[in-house]
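**Student:** Numbering (my numbering), first residue to last: 53 to 257. Think of the CB as a built atom: it goes at the ideal place given N, C-alpha and C, for glycine as much as any other residue. What you are looking at is a predicted structure, and each value in this text was computed from that prediction instead of being measured. My questions all concern the structure below.
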């Protein structure tokens with residue numbers, strides 16, 4: 053292959069590379085809004101599931117990051133979404149971490165109403181053992197609904213454990229660590245709301 057052919061081949065390869073990059077960039081530009089819309093819709097469904105009904109704002113747009121706190125998982129990434137009706141706060145959805153799951157961190161969305169009562173809990177992501185730890189998912193079990201209506205005084209502090217540890221929450225057959233971690237994380241979220249209520253009521257994103 054002579055020099056002229058090498059140059060021509062290089063130019064052809066460069067042209068195809070540029071074309072390929074352009075196509076990928078174009079496809080990304082076209083699909084990114086759709087992906088984002090799907091993510092926004094999923095978040096809105098999760099928020100609606102855990103927040104007390106009756107809010108008239110957009111909680112997904114009323115979000116702010118929370119400082120690292122052991123009650124929130126202590127690993128950063130904690131968020132709070134605020135629900136309002138008019139100018140009155142009706143509740144919060146806290147994105148928190150249960151760091152002590154059996155197979156790692158369990159990410160949760162914990163809804164708390166303005167009176168400090170759990171309005172709903174959902175698991176966002178986890179790596180627990182399929183068949184043992186995954187009953188924390190709403191699609192696999194109703195167990196996660198057991199938190200709704202509970203607060204710091206109902207049950208009392210001793211009650212905020214799985215039954216094996218003297219509390220009121222069921223554990224799973226062959227799996228105690230997973231539900232134990234979730235119970236603790238939900239209880240900690242309630243403690244955080246109690247300790248930071250004034251800030252949460254006044255703060256704006």
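(1) Look at the alpha carbon of residue 179 and the alpha carbon of residue 79, and state the distance between them as a whole number of angstroms.
(2) Apply the 10 Å Cβ neighbour rule to residue 238 and answer buried if 16 or more other Cβ atoms are within range, or exposed otherwise.
(3) Whose C-alpha, out of 221, 249 and 161, is nearest the C-alpha of residue 102?
(4) Would the segment 133-145 count as touching the segment 68-75 if we require 3 or more Cβ pairs under 8 Å?
(5) Out of curiosity, what's the CA-to-CA distance linking residue 170 and residue 154?
(6) Report the partner residues of residue 136 according to the DSSP bridge assignment.
(7) By Cβ distance below 7 Å, which residues in the same chain neighbour residue 184 in space, the five residues on each side in sequence not counted?
(8) How many whole angstroms separate the CB atoms of residue 232 and residue 217, which I take to be in contact at a CB cut-off of 8 Å?
(9) Ordered along the chain, which non-local residues of its own chain (more than five positions away) have a Cβ less than 6 Å from that of residue 109?
**Tutor:** Put simply:
(1) Position 127 of the chain shown, counted from the start, is the residue given in the question as residue 179. Position 27 of the chain shown, counted from the start, is the residue given in the question as residue 79. So the two alpha carbons sit approximately 32 Å from each other.
(2) For the purposes of this step, residue 238 is taken as the residue at position 186 of the chain shown. Buried, since its Cβ has 16 or more Cβ neighbours within 10 Å.
(3) The residue given as residue 102 occupies position 50 in the chain shown. Ranking the options by Cα distance to residue 102, first place goes to 161.
(4) no
(5) Stepping through the chain shown from its first residue, residue 170 is reached at position 118. Stepping through the chain shown from its first residue, residue 154 is reached at position 102. Roughly 24 Å between the two C-alpha positions.
(6) Locating residue 136 in the chain shown gives position 84, counting from the first residue. DSSP output for residue 136 lists 141 as bridge partner(s).
(7) The count along the chain shown starts at 1 and reaches residue 184 at position 132. Within the same chain, residue 184 has close Cβ partners 224, 226 and 227.
(8) The count along the chain shown starts at 1 and reaches residue 232 at position 180. The count along the chain shown starts at 1 and reaches residue 217 at position 165. Confirmed, Cβ separation roughly 7 Å.
(9) Sequence index remark: in the chain shown, residue 109 carries index 57 (1-based). 136.
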